[in-house]
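*Asks:* Can you read through this structure? Questions will come right after.
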Amino acid sequence: MSTLLDIKSSVLRQVQRSQSFRRRADEAATSGVAGASSSLQEGGPETSVAREEGDDGDFFSRMKLILKKKETRQRLGRLEGVLHSSAPPPREPLGPGHAAESLMPTKKEMEMLFEEALYTVCYRSGVASPDHVASDDELFDYLQKVFGMSSSELEAALHRVKEAKPPAYSLKVTVVRAKNLLAKDANGFSDPYCMLGILIGQSPREQGEKKERKFSFRKRKEKVEKRNSARDVLPAKYIQVTEVKNSTLNPVWNEHFLFEIDDASNDQLHLDIWDHDDDVSVAEACKKLNEVIGFKGMGRYFKQIVKSARANGTAGASEDNADDFLGCLNIPIREIPVTGLDKWFKLEPRSSSSRVQGDCHLILKLITTQRDTSMSRRMSGFQVHGLLLSQLLMFEHGQDQPEAYSWKGELSGPAVTILSHHGTQTDLSALQLAMIHWQASSQHHQACSLDYCYLLELLGTIQEQWGEATAALPKEQEESLANSFISFVEHALLLLRQLRELFPVTNSNAISRLEFLLRCLSQIHSLQPFRMICPFQNELHVDIATALKKGTQDWYERLQRSRISLGKAGLDCLPGLIGLADAVYDDLQASHSVYGKLFVSSVHLSLHSIVKVDLFGITYRQLEKLVAEEVQAPVEELSAGLELGSAPGLFELYITLAEIQRLRAYLPTKDSSALALPGFHTQFLPAIHLWLQTLRDKTRQRLQRAVDVDKLEPVDATSKHSSSAADATLCFSQTQELWAQLAWPESAEALDLVTQLTEDICEAALYYPELVRRKVDSRPLAMGEAVSEPLCIALNNVEHIRKATGQVLRGLEWPEPGGGSPGGLPRALKNRLLAMDEDLQREARNMIAHLTAKMVGDIKKYVQHISLSPDSIQNEEAIAPLMKYLDDKLILLSDSLVKENLCRVLEALWDLLLQVILQTLGANRDVSAEFYRRFYYTLEALVDFFHAEGQGLPLESLRDGHYKTLEEELRLNKCSTNECIEQYYLDKLKQGGGTTLSQRSMEQNKYGRLSVRCYYEAAEQRLAVEVLHAADLIALDANGLSDPFVIVELCPHHVFPLARSQRTQVKTKTLHPVYDELFHFSVPAELCRHRAACVVFTVMDHDWLSTNDFAGEAVLALSNISGLSRPQVGSSVRSMQPTTLHLRRPKANVKSALRMLEGRMDREAQEFVKKLKEMEKSMGDD
């Protein structure tokens, strides 16, 4: 049973575990939680339901309180940071009147009980245990304090006790069993029986003379002196005998005997075990004689018993048939402990020649009878012991005041000593003592609370002791036990009616007491004695459910009375309704997360049965109906005549009612048809629309005020945005959380609401950049300041809002009808999110353009410096001022801007630099190539600077757009005329002049195609070109045909100065001429491998009377023809597949290289351009 004391409450363990890990809240958070909960108290200011919103701060402060309330509720649901183990539990009320009054005996009863206790101390007997008090004076002093007696009253009472008649002592002996006895019969067993009696006390001298001899009932005794006593005659009842157990070495008797004791200090209990050898009952023979005189007569008496039994009652039987001796015991009465002795004794021989073995189990208890006290004459020992224990409990409990509620009935040494002696002297069994202890403690508990774990232990002791001894219990003792059970159960049910007040969830000690109280109730109803003596009691779960329902009703009525504003009209009733709903929700949450688990989880804790009560289900159905009836009429009235000031209050009320409704998911059954709240949300729809409108207006006002007070400085050392961005983000985040709490149940209505909310958030997000841009524009710039920190902060604010708004919109819970693929964003939200993101990025780009515009003048100045630098200085020195300027500005930008904005600014600066350089080049024509080489160097240096070894812009974005135009112009202008001509042909090849038909689309075959075969004859050091045929040429004559011929030439001419152009024959009146002509060009292979080396095929229309017309041209690169790029096999030349080329017209593909040549004044450039222009002129107007 002591293990019960080690059982810890599972809920308490959970709480203590969570407390060890929970974060210590600061004073502000604590006051915030207190503020949220204080709205539930009518006596405090109703700040959470203020009717008028003086400004947007009040509105969002109220919304913050709503969110804080939700956080507090969630923490309570997790049992995190709520319970405080150090606080004492509330004081439990007194039990029923008769229970309290029974603990207050009258003065006469107190005097008699005092004398009873003194009588017990004066006539103590038995060996005291180490924890008992040995001193009589110490016990007398203790009793004097317990009963509040004076010294004279103590002396008078002691005088009366000593004059009273001493009690008579008796020894109760239970012969339980023996084991491992000797086998005396031929069959290997024995037929053992016991003979036991009291050996009359001897003087110390006699004991010394006989210390070498041991008494035996069957042994002849030598003559001894008669006992110096008035009574020389011992009754026959001093000798008792058990039944014979046949054929066993481990007999079990379980027989009880009672012996009167004349001298408890000197008398002894003697027991012999014999093996019976005939069928005559020794017990019957014992009853034939009436008395025996002295020890000699006693020995003669037992001898005669055996002989008579052997001879069937006739004398003279043979001594040969005597029973066999199996062992004996001698136990002095004075060695028996106060509480009795339950022990195995080792059997002893009667002489040194005796051979014995085995053990005998005896239970011994020394009691008193004929107690000469007033209490003993009026009441039974059972009743007197109960009164004495009650008196001691009251006294002992009063000595331990600091934590009286946790007292476990630990009694002092004097109290234990007195109770032990009194229980033994009045012959109370272990079961009776357990019953008395429970009755007195449970009765005392109803007047002064005890630890329920201690009471549970007492119940377990009763269950352990309940058995065969119950048959001997008097009826009045059974009735007193039944009354104690009923009284305790009634008291516990009264406590459960006050569950919330006496066992608050904020007190772990109270919760632990509640758990053990329930376990006590469960234990009582599972006890066998309770079922036997209280058969007509209700089922436990019925009584508890009834008590809980009544307690809930009482609590709700008190709650109603505390809400003064509930009876008011219009907006005045809202504070009371919100407070009422909040209190109901908090109570339901506690019922589910704390109380409900105690009532259900006892299945793993209680010893026998559980408290099968669905506390949460009972409480939810009861309170849900009551609160629904309370709010229905006021909400209908307020919704019918909506005012702007009512929207926040109705929103807060709806949130709490929705939370209450969601708790129904914890009901054991999903049937909610009988519930009152489902469908209540329809009454709040107009108020929610009004609340959204209010939220939109208050958000814009809050953003305006946040920007007005913003100093455009970082909020902290780790952030790069200012206070207005943080405030706006918090505003949007609160809006998202409020929508999540709203959780509108109807999908169609929810879709309309969230669509409107999304639009409002986007409008507010776009309104913010406008506000912050105005603020930046209104700030005057310092002299020479191009990049201002406030402008950078404003850029960061826009980026912060862009990210935060996107996150908020993605976090909105859209109903299913919103569309979109499963697991993705709804289509409408995705489209709106993209549009808003683009708008905010456009705002950011506009602000960046504003920033870079202030840098244009400086950048132009430094680029102009590069253009005017003489050719004699190094390129690094020429660009140094520009690079230093950019480095200084970018250090400031890097420190002030977030990464996204820094990248945007770098892109804008890069584009600005390219444009300024292009403008500079346009303003400086007819300059030397060194001029372009310097700017080409500048361009590459800027690429490295903005790339920053991968930390800046990517190379792909740097080398795109204007860069390509600028790089090409610089690259060509820094080249010679021949290099430009080569670039011209390279561009023609790159554009597809040498691609085959299989590689190009048929849509590009506008001017026809030409089939050729080209290879290099290494042996002859010449290039062979075959013009095979053409197809689909354009018609250039009036008859719809042409007279085509092909001019074949090797280009560039400066690479092949000795190779003259050649031409085919003219094929008249055809668009599909066939030539099959071979041309040879004696050129080295090295020249053919030049990167720009190519064959140009020009198709012309022959005119007899005017200049020839240009039909088209094609270009074939020489670098990969047969004989140069791969070995040539002579026999396979004719088997080579021809190459089909698309014909093109250069006018459609004018390249920048040509433009560069047009600006050159040297002869080579002018002749090359002139030739191209003549060809262009011959193309006509098409």
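With the first letter of the sequence shown counted as 1, position 563 gets the number 1095 in this note's numbering; the numbers rise by one all the way through. Ideal Cβ placement from N, Cα and C applies to all residues, glycine included. In this text, all values refer to a predicted model and were calculated from it rather than measured experimentally.
1) From the DSSP output, in three-state form, read off VAL1430 for me.
2) Spatial neighbours of THR1630 within its chain, please: C-beta separation below 6 Å, excluding the five flanking residues on both sides.
3) What's the C-alpha gap between HIS917 and THR638?
4) Beta strand (DSSP E) containing LYS777: first to last residue?
5) For ARG1364, which residues from the same chain have a beta carbon less than 8 Å from its beta carbon, with the 5 sequence-adjacent residues on both sides left out?
6) Kindly give me the distance between the Cβ atoms of HIS953 and LEU920, rounded to whole angstroms, as I take these residues to be in contact under 8 Å.
7) Within 8 Å, do at least three Cβ pairs link the segment 675-682 to the segment 639-647?
8) DSSP on ALA1562, reduced to helix/strand/coil?
9) Taking the continuous alpha helix (DSSP H) assigned at GLU1184, which residues delimit it?
10) With a cut-off of 8 Å on the beta carbons, I'd call HIS1612 and ALA1567 a contact; round off their distance for me.
11) Based on the DSSP output, what are the partners of GLN1373 in its beta bridges?
12) Would you please state the rounded distance, in angstroms, between the beta carbons of LEU1637 and THR1602? I believe it to be under 8 Å.
13) To the nearest whole angstrom, what separates the beta carbons of THR780 and TYR725, a pair I think is in contact under 8 Å?
14) Go ahead and label HIS788 buried or exposed: buried means 16 or more other beta carbons lie within 10 angstroms of its beta carbon, across all protein chains shown.
15) Of the choices VAL705, ASN778, ASP663, whose alpha-carbon is the least far from that of LEU894?
16) Quick check on LEU474: does DSSP put it in helix, strand or coil?
17) Between GLU1501 and LEU1453, how many whole angstroms is the CB-CB distance? I'm expecting something under 8 Å.
18) Just how far apart, CA to CA, sit TYR1152 and LEU1120?
19) Decide if TRP876 is buried, meaning its Cβ has at least 16 other Cβ atoms within 10 Å, or exposed.
20) Please return the same chain residues whose Cβ sits closer than 8 Å to the Cβ of LEU790, not counting the five positions on each side in sequence.
21) Since ALA966 and LEU990 should fall inside the 8 Å C-beta cutoff, what is the C-beta to C-beta distance between them, to a whole number of angstroms?
22) Look at ASN862 and GLN800 and say whether their C-beta atoms are less than 8 Å apart.
23) According to DSSP, is PHE672 helix, strand or coil?
24) Taking all protein chains shown into account, do 16 or more other C-beta atoms lie within 10 angstroms of the C-beta of MET1387, making it buried, or fewer, making it exposed?
25) Based on Cα-Cα distance, which residue from TYR1548, PRO1576, ASN1571, MET1379 lies nearest to LEU1565?
26) Using the three-state DSSP reduction, which class does SER1012 fall into: helix, strand or coil?
27) Taking its Cβ as the centre, do 16 or more other Cβ atoms sit within 10 Å of LYS1520, making it buried, or is it exposed?
28) At a Cβ threshold of 8 Å, is LEU1498 touching chain C?
29) Would you call GLU687 buried or exposed, if buried means 16 or more other Cβ atoms sit within 10 Å of its Cβ?
30) Which word fits ASP1492, buried or exposed, when buried means at least 16 other C-beta atoms lie within 10 angstroms of its C-beta?
31) Mapping DSSP to helix, strand and coil, what is TRP806?
32) Under DSSP, the beta strand (DSSP E) around ASP856 begins and ends at which residues?
33) Are the Cβ atoms of LEU1418 and ILE1398 separated by less than 8 Å?
34) On the DSSP letters alone, give me the boundaries of the beta strand (DSSP E) that TRP785 sits inside.
35) Can you give me the C-alpha to C-alpha distance between ALA1115 and ARG1234, rounded to a whole angstrom?
36) State the DSSP-derived secondary structure class of LEU1005, mapped to helix, strand or coil.
*Replies:* Inspection of the coordinates gives the following:
1) Here VAL1430 carries a coil assignment [DSSP, helix/strand/coil].
2) The beta carbon of THR1630 sits closer than 6 Å to the beta carbons of ILE1579, GLU1645 from its chain, once the five residues preceding and following it are set aside; these are given in chain order.
3) Between HIS917 and THR638, the alpha-carbon positions lie close to 17 Å from each other.
4) Element bounds for LYS777: n/a, residue is neither H nor E.
5) Around ARG1364: THR1290, GLU1291, CYS1294, LEU1341.
6) In fact, because the Cβ distance is near 11 Å, the residues do not count as touching under 8 Å.
7) Flag = yes, the segment 639-647 and the segment 675-682 touch.
8) strand
9) 1178-1194
10) In this structure HIS1612 does not touch ALA1567 by the C-beta definition: roughly 32 Å separates them, more than the 8 Å allowed.
11) Its beta-bridge partners do not exist; DSSP assigns none.
12) With 8 Å as the limit, LEU1637 and THR1602 do not qualify as a contact, their Cβ atoms being about 19 Å apart.
13) The pair is not a contact, with the Cβ atoms about 11 Å apart (cut-off 8 Å).
14) exposed
15) For LEU894, the nearest C-alpha among the options comes from VAL705.
16) A query on residue 474 cannot be resolved here, the shown segment of the chain reaching from 533 to 1714 and no further.
17) 6 Å
18) 6 Å
19) exposed
20) SER702, LEU703, LYS704, VAL705
21) With a Cβ gap of about 7 Å, ALA966 and LEU990 count as contacting.
22) Contact: yes.
23) helix
24) buried
25) PRO1576
26) helix
27) buried
28) In the structure shown, chain C does not exist; there is a single protein chain.
29) exposed
30) exposed
31) strand
32) Annotation for ASP856: the continuous beta strand (DSSP E) segment containing it runs 856-864.
33) no
34) 784-793
35) In a straight line, the C-alpha of ALA1115 is about 31 Å away from that of ARG1234.
36) coil
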